[in-house]
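K.L.:
In terms of the numbering used here, the sequence shown is residues 1 to 395.
All C-beta atoms in this analysis are idealised placements derived from N, C-alpha and C, irrespective of residue type, glycine included.
In this text, all values refer to a predicted model and were calculated from it rather than measured experimentally.
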Amino acid sequence: MLTIDEIRRQFPLIAAQGSIYLDSAATAQKPQIVLEEVEKFYSEENANVHRGMHALAEKATVAYEDARKTVAKFIGAAAHEIVFTHGCTESINLVAKSWGKANLKKGDTIALSILEHHSNIVPWQQLQEEIGITIKWIDIDDDGSLIIDNLDDVKLVAVTGCSNVLGTKPDLKLIIEKAHAAGAKVLVDAAQLVVHEKIDVTELDCDFLAFSGHKLYGPTGVGVLYAKRELLESMPPFMGGGMMIGSVTKEGFTAAEIPQKFEAGTPPIAQVIGLKAAINWLSQYDWNDIATHEQELISTATDALNTIEGLTILGTPESSCISFTIDDIHPHDLTEIVGRNGVSLRAGHHCAQPLHERLGVVATTRMSFGIYNTKEDIERATEEIQKAIAILRPA
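Below, the structure written as structure tokens:
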């Protein structure tokens, strides 16, 4: 069972302020241990990795590669199947620009769900423009659940593990089984999933999986791409530069072995070390306890929001966030007012415009949760929403 007060004390921003932070789907707050590990690297261990024989460089390299092992263990992968990037967006772009360009041709079809974040849409639309692939859209029902039908003739399915708008979680096992039966690869955008439930890529049998560090209580500027070994070995480098080469001559170059061939330039070393600290910190808690706590928050928020006249919750939230509209009130106006009173919510299309178009709304207000949130946070937020409504829609 989680001791939320003890958890909250480990987050300086949460502990020091009286504000209510309900925007963890955008970025999570950071526990003290993560801040300390990043500061320790810069103040005591700062050096580049894989580039020197001196003691600091060797120490930094060991720490960097230890972090890779930590990430691999966290998701059930092998260390050589973990590529560090600068964010989930870059991880998905890596797959599109490397695997996509090498394996897709004009007329090939890939499938995207209507739930997707723009970072799992635009890279594929760029391929559509560049080489003429076709994009098939997987629709949702009224509850926000994906309607999984025929995936025949699809080369790739790119799907979120959890919607950053509706909080719904597609049945990844079913999607992966259907896709593989049709001969397609599967990329999972786990940015919103990895912090809320245990992921085992071996059990899932996904081909690619991407996530960021900053939504996992880690630093900004670091992301992860998991890919099966045989795929990484067959893919061309994403970018050129230092560290990703085996050798360079005037005539050409040879690429390094995986995963280094996808890590051109100086990587986000401090951020990777901070990500390791975040994973180790989160791993002390039981996933079942985290799920129970978050379901209590979802239930409390659903009940509280449903008491507000004219408020409509979109979909059937299962995890992490709830999005809603209020009759005659724009989300930007609502969140600006509640923000003045110390409640942080998100307003807009949440980088998911196709989903909002499908839902028939331009923008929504989103309330999203982290491990540090409480029922009292939700009660306070609900009170401030009601006060804002009274201002924006006087009787």
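With 16 as the cutoff for other CB atoms within 10 Å, does Gly144 come out buried or exposed?
P.N.:
buried
K.L.:
Quick one: grab the DSSP three-state call for Val224.
P.N.:
strand
K.L.:
Only counting the same chain, and skipping five residues up and downstream in sequence, which positions put a Cβ closer than 6 Å to that of His349?
P.N.:
His356, Ala363
K.L.:
Would you decide whether Ser319 is buried or exposed? Buried here means 16 or more other CB atoms lie within 10 Å of its CB.
P.N.:
buried
K.L.:
Between Tyr217 and Ala277, what straight-line distance do the alpha-carbon atoms span, to the nearest angstrom?
P.N.:
Cα to Cα, Tyr217 sits roughly 9 Å from Ala277.
K.L.:
Go ahead and label Tyr226 buried or exposed: buried means 16 or more other beta carbons lie within 10 angstroms of its beta carbon, across all protein chains shown.
P.N.:
buried
K.L.:
When you compare the stretch 203-218 with the stretch 245-257, are there three or more beta-carbon pairs, one atom per stretch, that lie closer than 8 Å?
P.N.:
Short answer: they don't touch.
K.L.:
By the DSSP assignment, the beta strand (DSSP E) with Gly246 in it spans what residues?
P.N.:
It spans 245-248 - the beta strand (DSSP E) in which Gly246 sits, taken as one unbroken run.
K.L.:
Going by CA-CA distance only, name the one from Asp327, Val188, Glu257, Gly183 that's closest to Asp171.
P.N.:
Measuring from the Cα of Asp171, the nearest candidate turns out to be Val188.
K.L.:
Where does the unbroken beta strand (DSSP E) through Ile292 begin, and where does it stop?
P.N.:
The question names Ile, but residue 292 in the sequence shown is Thr. Element bounds for Thr292: not the beta strand (DSSP E) but the alpha helix (DSSP H), 287-305.
K.L.:
Give the straight-line distance between the Cα atoms of Ile14 and Ala72, rounded to the nearest whole angstrom.
P.N.:
29 Å
K.L.:
So Val338 is in the beta strand (DSSP E); what residue range does that whole segment cover?
P.N.:
Run containing Val338: none in the beta strand (DSSP E); it sits in the alpha helix (DSSP H), 331-340.
K.L.:
Using 9 Å as the threshold, is the C-beta distance between Asn93 and Pro123 below it?
P.N.:
yes
K.L.:
Quick test of your reading: Ala111 and Val49, contact by CB under 8 Å. State the CB separation rounded to the nearest angstrom.
P.N.:
38 Å between Cβ atoms; not a contact.
K.L.:
Indicate the three-state DSSP secondary structure (helix, strand or coil) for Lys97 in the structure shown.
P.N.:
helix
K.L.:
Which ranges would you report for the beta strand (DSSP E) in the stretch 120-202 if only whole runs of at least 3 residues count?
P.N.:
134-138, 154-160, 185-189
K.L.:
So Arg229 packs on Glu81, CB below 8 Å; how close in whole Å?
P.N.:
6 Å
K.L.:
Please tell me whether Leu275 and Val194 are closer than 9 Å, where the distance is taken between their beta carbons.
P.N.:
no
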